[in-house]
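Take a look at the structure set out below.
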Amino acid sequence: MTSNSDDIVKAFVESTVSSMNDTAKLSASITDVLDDFDTQLSFLLRSLEPIQKATQGLMVEERELSSSLDGILAQEALFEEAAELIDEFQAVNSSYDTAALMKLKRAVEVISVLQEYSSSKDFVEFHMHLSQVAQRALKTVSTQMVTLFQASESPYVFPSTLPLPDTVTVFPPPVLEQMQLLAAPVAISDADKSWMTLVADTRKHVLRKLVGAVNTDPPSAKSKAYERGTLPLVIAIDYTLKVMTAERDTLRKIFGVGKDTSKADAIFRQAARAPVEELLAAVDSFVTAAKRTTTIAYMFPVFDVHTALDTTAASFIALFPDPAFAETIGNVKESVLSICRRAFSSFGDTYMAHLAKTVSTNASVHELTVNCISFLKQLAAYSDVVASILPSNRNATDGLRGFVKNVIELLRENLQAKADSTKPAALRALFLLNNHVYVLKKLQASDALPLVGDGFVSQERALIEKARSEVERATTGEIRAAISGAHAVCEQSAGTTEDRQALKKALQTFTAALEGVYNAQKRYVLSDSDVRVQLRQQIATLIVPEYTSLLVKVGETELPKDVVKYIKYRPNNVEELIHGLYSG
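Note that the sequence shown covers residues 1 to 584 in full-length UniProt numbering.
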């Protein structure tokens, strides 16, 4: 009995110990599992940290994504959203749509960041697919842009025959920059770099269109007044710098390693140097054309080229930092500057060359005067540029004022020389009056007035008054002499037949003088209406009262009353003829 009880107890103890051992093992196993789970959980949390940081960065940079970032972290939602982007682009990729390009750019950038934290095969495959779609989009737009430029008649206006949105008529430089920026994230994951060729082709067509528009002679003297900054070459210089800078920055994104951009810069310089040198060759061609011209109209386009090179040279040299290129830029700048200086030094000879030209038959303002004043008005807008070309010992505008004063003196001498070679006297004097009135009024209404000197206005007024007096004398002299002669006949008349014939002749002399003046001067032009009215009134004031007095005197003579048949014009008729003068 005792033995059996001991066995039972022993068996129970052994069973209990065994159970406890199994429990300990199980507990140890559970502890190991929990430790492993804790380790994996910690690793998972650490893995999620960069994703969380990247997500937060994206939320800061592009707040419009904030509503969808949670969904992006879920692959299914991410696929759905990107699929919508692809469908959207494929629906519009046959037309010019920058917005769709930028959406693709954003999608590729986001996925490129998230791909670093995911090894999912589906995720990688989807990223490749999206990159390929973006690649095709880029090629489509690049090719379309090249086609547009090849078909365009203008260097920067799209042809109207191509299907484009109504809001797009002028090619904006930022579009090409956006296209290049889109290319960067695409190229990171895509070995096909054919987009570089397309971008290069686009740039080539843009620059050649722009540069090709300037390989012509500078404007002629008869051209419409040049508007500052509109020369295609000037636009090309600025545009080229912007495009080159954007292209270099794009290549740095693709090929840069950290802060090391040497490889990217080397690729850029090899690809972009030729178009820039082609642009500089166009500048050189423009300088050569400017040297051949004999007009002054080329000065302002040359000023613009000088300014454009002066403001962009340092940036171009920064893009291509090698001594040979810097020397080329320097030589081109010096050539342009020499043309500017030559223009000023030869200006007098250019104007004096007009001395052989005659006055117009109607005394109108000479084209030389019009061009000269237009030149001075434009010159005032370039005072900052001219001051650097014509420095002075006292201040920046002294050299310019001295030049403008010389221009005015040359113009006055030129006009006087033309007038001196002209007959009759009335035409000569009216020519000077027209031109000096034009000079004074146009400069008084322009920004060039401060440049012409303090004594300019009083000097021009004196010349105007002198010319007006000469016109007045030339117009009234013969008529008043005829009136005076007729007065003398009346005073000496004794009523004889000889006296009658003498008065007849005197009245006919007056009529011939009046009609001669009218027939000649009605063709003349007095451009300024105020001066025209004043001059007519002054002439009428000198002639009409004297003629009225003569007719009264004739009526008081003892000559036969039929003498009135020799009186062709009454005073009001004379005044009407005077008011018909200078009507052109």
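We treat Cβ as the ideally placed atom computed from N, Cα and C, and that holds for glycine.
In chain order, what residues of the same chain have a beta carbon less than 8 Å from the beta carbon of residue i, not counting five sequence neighbours either side?
i: THR312; result: ILE237, ASP238, LEU241
i: LEU440; result: VAL457, GLU460, ARG461, ILE464
i: VAL404; result: LEU376, LEU379, ALA448, LEU451, VAL452, GLY453
i: GLY584; result: ASN362, SER364, ARG523, TYR524, VAL525
i: ALA343; result: ILE296, TYR298, MET299, VAL302
i: ILE317; result: PHE325, ALA326, ILE329
i: ARG536; result: ILE578, HIS579, LEU581, TYR582
i: SER527; result: SER364, VAL365, ASN434, VAL437, TYR438
i: LEU231; result: VAL214, PRO301, ASP304, VAL305
i: ASP310; result: LYS333
i: ALA314; result: none
i: THR369; result: LEU411, LEU415, ASN435, TYR438, VAL439
i: LEU542; result: GLU472, THR476, ARG480
Can you give me the Cβ contacts of residue i inside the same chain, cut-off strictly under 7 Å, excluding the 5 residues immediately before and after it?
i: ALA419; result: VAL359, ARG428, PHE431, LEU432
i: LEU449; result: LEU443
i: VAL287; result: SER335, VAL336, ILE339
i: VAL553; result: In the sequence under discussion, the amino acid at residue 553 is Lys, which differs from the Val named in the question. So the qualifying residues of the chain are HIS487, CYS490.
i: LEU390; result: PHE344, GLY399, LEU400, PHE403
i: THR548; result: PRO571
i: THR509; result: ALA482, GLY485
i: VAL544; result: PRO571, VAL574, GLU575
i: ALA274; result: none
In the DSSP output, what is residue i paired with across the bridge?
i: SER583; result: VAL525
With a threshold of 6 Å on Cβ separation, who are the neighbours of residue i within its own chain once the five nearest residues in sequence on each side are excluded?
i: VAL386; result: LEU400
i: LYS377; result: SER446, ALA448
i: ALA540; result: GLU575, ILE578
i: TYR566; result: LYS504, LEU507
i: GLU478; result: ALA513
i: TYR518; result: LEU577
i: TYR569; result: none
i: THR422; result: VAL359, ARG428
i: MET244; result: ALA272, LEU319
i: ARG532; result: LEU526, TYR582
i: ASP70; result: Because ASP70 sits at a pLDDT of 41, beneath the cut-off of 50, its placement in the model cannot be relied upon, and the point is left open.
Pop quiz: residue i and residue j are said to be a contact at Cβ under 8 Å. What is the actual Cβ separation, rounded to whole angstroms?
i: VAL489; j: ALA502; result: 5 Å
i: PHE347; j: VAL407; result: 7 Å
i: VAL283; j: LEU233; result: 7 Å
i: ASN435; j: LEU410; result: That pair is no contact at about 13 Å.
i: ALA486; j: LEU550; result: 5 Å
i: LEU581; j: GLN538; result: About 11 Å separates the two Cβ atoms, so there is no contact after all.
i: THR261; j: ARG269; result: Not quite, the Cβ-Cβ distance comes to about 11 Å (not below 8 Å), so this is no contact.
i: ILE483; j: GLU546; result: 5 Å
i: ARG228; j: ALA381; result: 6 Å
i: ASP265; j: ARG248; result: 7 Å
Can we count residue i as close to the ligand GTP, meaning its CB is less than 7 Å from some heavy atom?
i: VAL404; result: Among the components modelled here there is no ligand, and therefore nothing to report on the ligand GTP.
Practice task
Could I get the ranges of all uninterrupted alpha helix (DSSP H) runs contained in the stretch 305-383, with 4 residues as the minimum, in chain order?
Solution key: Runs of the alpha helix (DSSP H) inside the stretch 305-383: 323-345, 347-352, 367-381.
Exercise for the section: Take every Cβ of the stretch 362-374, pair it with every Cβ of the stretch 325-334, and state whether three or more of those distances are shorter than 8 Å. Expected result: The stretch 362-374 makes no contact with the stretch 325-334: fewer than 3 CB pairs, one atom from each, lie closer than 8 Å.
Problem - Sufficient close CB pairs (3 or more, under 8 Å) joining the stretch 463-473 to the stretch 491-505 - result: With a cut-off of 8 Å, the stretch 491-505 and the stretch 463-473 do not count as touching, because too few Cβ pairs lie within range.
Practice task
Tell me, please, whether the stretch 505-514 touches the stretch 564-578 by the rule of three or more beta-carbon pairs shorter than 8 Å.
Solution key: Under the three-pair Cβ rule at 8 Å, the stretch 505-514 counts as touching the stretch 564-578.
Handout entry: Sufficient close CB pairs (3 or more, under 8 Å) joining the stretch 330-344 to the stretch 303-311
Key = Touching, yes.
Problem - Complete runs of the alpha helix (DSSP H) confined to the stretch 420-466 [at least 4 residues] - result: Qualifying alpha helix (DSSP H) stretches, in chain order: 425-444.
Exercise for the section: Report the residue ranges of all alpha helix (DSSP H) runs contained in full by the stretch 474-554; include only those spanning at least 4 residues, in chain order. Expected result: Complete alpha helix (DSSP H) runs here, min 4: 497-521.
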